[in-house]
Amino acid sequence: MSVVGLDIGNDTCYIAVAKSGGIEVIDNEYSLRVTPSYVGFSDKSRDIGITAKTKLVQNINNTAFGFKTILGKRFDDSSKDLSYLPFSVTELPSGEYGIKVKYLHEEVVFSIQQIMAMLITKLKTITESKLRTKVRECVLSVPIHYTNAQRRALLDAAEIVDLKVLKLINEPTAVALSYGFYRQHLFDEPKTVIFVDLGQSALTVTACVFTKDKLKILGSVWNTNVGGRDFDGVLVKHFANEFKNRYAMDVLSNKKAMMLLMLECESLKKQMSMYSRELELSIECFMDDKDVRGKMKREMFEELASHIFLDIEKTMRALLLQTSLNKDDVHEIQIVGGSCRIPALKKIIQQVFGQYPQATLNQDEAVARGCALQCAFLSPTLKTKDFLIEDIQPFAINALCCRADVADEIEIFPRFHKAPASKLVTYSFKIPFSLEILYPDKLDKISCVGRYAFSDVPSEFNDDSDAKIKIKMSLDIHGIFSVSSATLIIKQKESNDANSKQLVSVDTKAVTEDNMELNEEGMQDNSSEQMETELDSKSIEATKSFELGIEKYVQCLSKSQLNNFIQKEKEMINVDIQEKKMADLRNVVEEYVYFAREKLSKELINYLTENERSKFLLILSDTETWLYDYENPQEADYSRRLTDMKENIEPILQWYSLYEDSKAALLEFQKLLESFSSVMRCLPQEKHPRVDSTDLATLNDLWKQGNEYFIHWSQKLSEVKRYGEMPISSKNILGEVNEYRAKIQSIINKPEQEECVAGGDSSEDPNQTPGEPREDISTNLQSKEEYQSTSEKDSVGGQSTKEDQFCAMKTD
Numbered sequence: 165m166s167v168v169g170l171d172i173g174n175d176t177c178y179i180a181v182a183k184s185g186g187i188e189v190i191d192n193e194y195s196l197r198v199t200p201s202y203v204g205f206s207d208k209s210r211d212i213g214i215t216a217k218t219k220l221v222q223n224i225n226n227t228a229f230g231f232k233t234i235l236g237k238r239f240d241d242s243s244k245d246l247s248y249l250p251f252s253v254t255e256l257p258s259g260e261y262g263i264k265v266k267y268l269h270e271e272v273v274f275s276i277q278q279i280m281a282m283l284i285t286k287l288k289t290i291t292e293s294k295l296r297t298k299v300r301e302c303v304l305s306v307p308i309h310y311t312n313a314q315r316r317a318l319l320d321a322a323e324i325v326d327l328k329v330l331k332l333i334n335e336p337t338a339v340a341l342s343y344g345f346y347r348q349h350l351f352d353e354p355k356t357v358i359f360v361d362l363g364q365s366a367l368t369v370t371a372c373v374f375t376k377d378k379l380k381i382l383g384s385v386w387n388t389n390v391g392g393r394d395f396d397g398v399l400v401k402h403f404a405n406e407f408k409n410r411y412a413m414d415v416l417s418n419k420k421a422m423m424l425l426m427l428e429c430e431s432l433k434k435q436m437s438m439y440s441r442e443l444e445l446s447i448e449c450f451m452d453d454k455d456v457r458g459k460m461k462r463e464m465f466e467e468l469a470s471h472i473f474l475d476i477e478k479t480m481r482a483l484l485l486q487t488s489l490n491k492d493d494v495h496e497i498q499i500v501g502g503s504c505r506i507p508a509l510k511k512i513i514q515q516v517f518g519q520y521p522q523a524t525l526n527q528d529e530a531v532a533r534g535c536a537l538q539c540a541f542l543s544p545t546l547k548t549k550d551f552l553i554e555d556i557q558p559f560a561i562n563a564l565c566c567r568a569d570v571a572d573e574i575e576i577f578p579r580f581h582k583a584p585a586s587k588l589v590t591y592s593f594k595i596p597f598s599l600e601i602l603y604p605d606k607l608d609k610i611s612c613v614g615r616y617a618f619s620d621v622p623s624e625f626n627d628d629s630d631a632k633i634k635i636k637m638s639l640d641i642h643g644i645f646s647v648s649s650a651t652l653i654i655k656q657k658e659s660n661d662a663n664s665k666q667l668v669s670v671d672t673k674a675v676t677e678d679n680m681e682l683n684e685e686g687m688q689d690n691s692s693e694q695m696e697t698e699l700d701s702k703s704i705e706a707t708k709s710f711e712l713g714i715e716k717y718v719q720c721l722s723k724s725q726l727n728n729f730i731q732k733e734k735e736m737i738n739v740d741i742q743e744k745k746m747a748d749l750r751n752v753v754e755e756y757v758y759f760a761r762e763k764l765s766k767e768l769i770n771y772l773t774e775n776e777r778s779k780f781l782l783i784l785s786d787t788e789t790w791l792y793d794y795e796n797p798q799e800a801d802y803s804r805r806l807t808d809m810k811e812n813i814e815p816i817l818q819w820y821s822l823y824e825d826s827k828a829a830l831l832e833f834q835k836l837l838e839s840f841s842s843v844m845r846c847l848p849q850e851k852h853p854r855v856d857s858t859d860l861a862t863l864n865d866l867w868k869q870g871n872e873y874f875i876h877w878s879q880k881l882s883e884v885k886r887y888g889e890m891p892i893s894s895k896n897i898l899g900e901v902n903e904y905r906a907k908i909q910s911i912i913n914k915p916e917q918e919e920c921v922a923g924g925d926s927s928e929d930p931n932q933t934p935g936e937p938r939e940d941i942s943t944n945l946q947s948k949e950e951y952q953s954t955s956e957k958d959s960v961g962g963q964s965t966k967e968d969q970f971c972a973m974k975t976d
């Protein structure tokens with residue numbers, strides 16, 4: 165089982181995996197850790213990630229980006245996010261956003277869930293390629309301000325690509341986990357840390373308390389009107405006005421020019437974070453083939469963005485107010501996010517919190533690392549230290565009870581309530597009713613979380629029945645609200661017998677268990693429990709319980725929609741695979757054209773007649789023209805073209821390869837002769853017991869034969885003037901080399917003959933110690949050669965000769 169964490173940002177994505185050695189952020193096919201959150205469409209296939217962003221300006225109407233901010237939102241939500249999106253959006257029948265693009269020569273509308281699924285497909289493919297295994301489970305990050313509908317939409321997107329999400333973890337919680345898990349030894353006393361995350365589309369400020377084995381989120385505030393794109397927008401507006409006055413260009417009316425300027429301003433913003441000097445913005449052929457230039461200094465940029473910095477300060481102060489923290493309570497400030505490198509941000513943090521921020525975390529990868537850690541906690545394949553995470557529900561959630569003429573609204577979960585959590589709420593009623601779950605603050609005009617109706621009411625129930633309904637409401641591990649159960653309880657008076665007592669005790673026990681499990685019950689539940697257990701002197705109130713059916717009406721994909729999107733995604737994946745296969749075949753043909761043309765124009769130019777070379781170059785040119793002019797070639801077309809080229813040109817290339825091999829083999833023979841010559845110079849200088857005068861004569865003959873062989877075939881190969889001639893093959897030459905070497909070795913390294921010493925001359929060295937073994941000739945040659953090599957190096961400036969290689973020749 166793979167342990168994967170995915171940080172899907174509004175502009176970029178990161179993938180982290182947990183292994184036995186720790187957390188690793190993996191790179192994509194371009195060897196980059198960052199993958200842009202861009203999805204492009206063309207007449208042939210989809211481009212996702214780096215390729216989509218690279219083609220953004222040329223394919224601006226068919227490239228989706230920045231869609232994370234509108235995921236799960238309704239079309240009637242007049243979001244400012246649309247001002248950053250140049251592509252066409254439309255309203256779907258479900259009331260959500262859809263993106264209109266041209267794909268496979270047709271105009272198609274995709275839901276945001278589908279677009280997000282395409283991006284997840286890319287991240288999944290990258291991960292599987294790197295891990296070389298299937299990825300079926302992961303942990304996904306979400307902005308803490310994501311609503312119920314947005315969280316469900318992200319889960320739907322993951323399900324479209326068959327990826328099980330073990331948990332949706334809030335981005336600030338992932339950052340806190342990445343920070344605190346490896347610093348547990350520093351938390352002997354509780355430590356309060358504030359994390360400031362300034363990303364591309366939002367600012368989030370979160371307060372956490374760390375202890376030795378636990379992190380607790382105290383509270384979090386955010387501002388979706390502050391982000392890196394807003395700083396870019398300030399620069400774009402400034403330069404658009406400047407270019408209008410200086411060059412008479414209406415940049416804002418041209419989508420491509422706007423996007424090009426946006427990308428350049430983003431780059432300028434990053435440079436201003438590093439340099440305080442005045443920097444230049446220059447774009448060639450910006451509009452109407454005109455070049456434009458502009459200048460910007462950090463002080464001017466901060467003045468232009470002063471309103472954004474004011475919003476940042478207000479957001480930070482709001483955290484202190486809502487969590488009741490003082491400056492002295494905060495031990496440390498950590499900054500993360502791509503835009504946190506802006507120097508003015510650090511000054512504001514120091515003003516608000518009274519201390520300079522730290523940047524010890526990887527500001528881009530912290531969220532992904534936290535996701536991978538959370539996945540490791542949930543995975544059975546890895547064993548980790550115990551570390552408890554206590555997260556929060558960022559919004560208050562109320563329940564509106566809708567009856568015939570009355571609507572009662574009560575608070576279910578207050579803001580910053582612990583999550584996951586559950587509550588049991590009891591309603592007394594005379595007739596059936598429904599529940600509407602609301603965000604009381606009406607965030608972004610999205611106030612309704614969902615509606616719930618209850619069915620399967622038993623026949624015993626009537627309008628006069630003394631009954632109530634107990635509803636269990638939960639916040640699950642993903643931070644999604646749901647009504648998990650509904651129980652109808654009808655009271656009946658019966659005689660005080662054993663059976664009745666048993667019924668009361670069981671019911672009371674059930675309520676008590678709920679209290680213990682949830683550790684919180686409203687006063688309404690406690691009073692109702694007391695009412696249930698009141699006993700009449702002659703009778704007892706018995707209860708009957710019935711589980712009700714729950715009909716939910718929440719914003720998410722239906723089963724049929726989900727199945728439809730799953731099928732469409734599979735079809736698009738198949739199209740991408742087929743197109744990639746065609747592109748690979750095209751590259752093979754194109755590479756062969758360039759390779760063969762280079763060979764014909766350089767190495768083979770002296771071995772072909774002008775007519776032969778022109779004929780072959782014409783075949784290559786014809787294939788190259790076909791590659792660029794022929795529309796919709798099939799696999800068979802590429803194969804046929806490659807086969808035709810190889811049938812004509814491959815024999816020449818193979819001949820040239822064999823010719824070069826023969827020259828290389830002859831060079832090997834030359835090296836052998838040079839080494840042999842060195843040995844021959846060594847041998848006559850002193851007596852050796854293994855080489856006598858006959859051997860020396862034989863060696864001289866061998867050297868002459870080898871030299872004649874080398875001169876003969878060198879001359880033959882040098883006389884080759886055109887394709888087709890091959891006087892000798894490399895195989896024959898190498899065979900001669902091996903045979904020649906064997907003959908030399910058989911003489912030089914032959915075993916020493918034993919001699920009887922009986923009154924005659926002894927061949928032994930008089931200085932040799934009795935019983936001492938004779939020195940091997942190979943060793944003598946080695947020593948002699950080393951001496952010679954040293955002398956030669958001294959004489960030629962330290963350069964060794966090729967003769968060194970043969971002097972210590974031994975039998976293998």
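Numbering of the sequence shown is given in this note's numbering, commencing with residue 165 and proceeding in unit increments. We put the CB at the ideal spot given by N, CA and C, even for glycine.
Proximity to residue i [Cα-Cα], best of the options
| i | options | result |
| --- | --- | --- |
| Ala322 | Glu573, Val456, Asp550, Leu304 | Leu304 |
| Arg761 | Glu743, Leu784, Glu774 | Leu784 |
| Leu863 | Ser842, Asp352, Ser437, Ser882 | Ser842 |
| Ser586 | Lys636, Met280, Leu564, Tyr603 | Lys636 |
| Phe473 | Gln498, Lys510, His642 | Lys510 |
| Ser417 | Pro250, Ser878, Thr590 | Pro250 |
| Ser371 | Arg315, Trp386, Gln364 | The sequence shown places Ala at residue 371, rather than the Ser named in the question. The shortest C-alpha separation from Ala371 is found at Trp386. |
| Ile476 | Asn490, Val516, Ser543 | Val516 |
| Thr479 | Gly501, Val390, Thr707, Val273 | Val390 |
| Asn526 | Ser646, Lys420, Met413, Tyr343 | Tyr343 |
| Ile892 | Phe874, Lys907, Tyr904 | Phe874 |
| Lys380 | Ala366, Pro336, Met413, Asp394 | Pro336 |
| Leu362 | Tyr756, Ile513, Cys846 | Ile513 |
| Ser275 | Ile730, Tyr802, Ile813, Lys763 | Ile730 |
| Pro558 | Leu772, His309, Ser258 | His309 |
| Lys716 | Ser648, Gln725, Glu774, Asn770 | Ser648 |
| Leu881 | Asn913, Leu822, Gly899 | Leu822 |
| His269 | Glu900, Asn226, Ala338, Ala583 | Asn226 |
| His495 | Ser437, Lys355, Ser446 | Lys355 |
Element boundaries [beta strand (DSSP E), containing residue i]
| i | result |
| --- | --- |
| Thr524 | Here Thr524 belongs to no beta strand (DSSP E), and DSSP marks it neither H nor E. |
| Glu188 | 186-189 |
| Cys566 | 561-566 |
| Ser305 | 301-306 |
| Thr356 | 355-362 |
| Val718 | 713-718 |
| Ser638 | 631-639 |
| Arg210 | 210-212 |
| Ile574 | 571-577 |
Residue(s) in a DSSP beta bridge with residue i
| i | result |
| --- | --- |
| Glu270 | Tyr267 |
| Trp386 | Thr368 |
| Pro200 | Thr176 |
| Leu591 | One point to set straight first is that residue 591 is Tyr, not Leu, in the sequence displayed. Bridge partners of Tyr591: Ile633. |
The alpha helix (DSSP H) enclosing residue i, as first and last residue numbers
| i | result |
| --- | --- |
| Ala404 | 392-411 |
| Ile472 | 470-487 |
| Asn334 | Run containing Asn334: none in the alpha helix (DSSP H); it sits in the beta strand (DSSP E), 328-334. |
| Met736 | 723-765 |
| His291 | In the sequence under discussion, the amino acid at residue 291 is Thr, which differs from the His named in the question. Residues 276-295. |
| Val531 | 530-542 |
| Leu249 | Note, Leu249: premise wrong, no alpha helix (DSSP H); not H, not E. |
Whole-number beta carbon distance between residue j and residue i, since they are thought to touch under 8 Å
| i | j | result |
| --- | --- | --- |
| Leu156 | Leu332 | Residue 156 is absent from the structure shown; the chain starts at 165 and stops at 976. |
| Leu836 | Tyr904 | 7 Å |
| Val273 | Gly259 | So it is not a contact: roughly 14 Å between Cβ atoms. |
>> Which complete alpha helix (DSSP H) runs does the region 418-475 hold, if anything under 4 residues is left out?
In response: 419-438, 462-468
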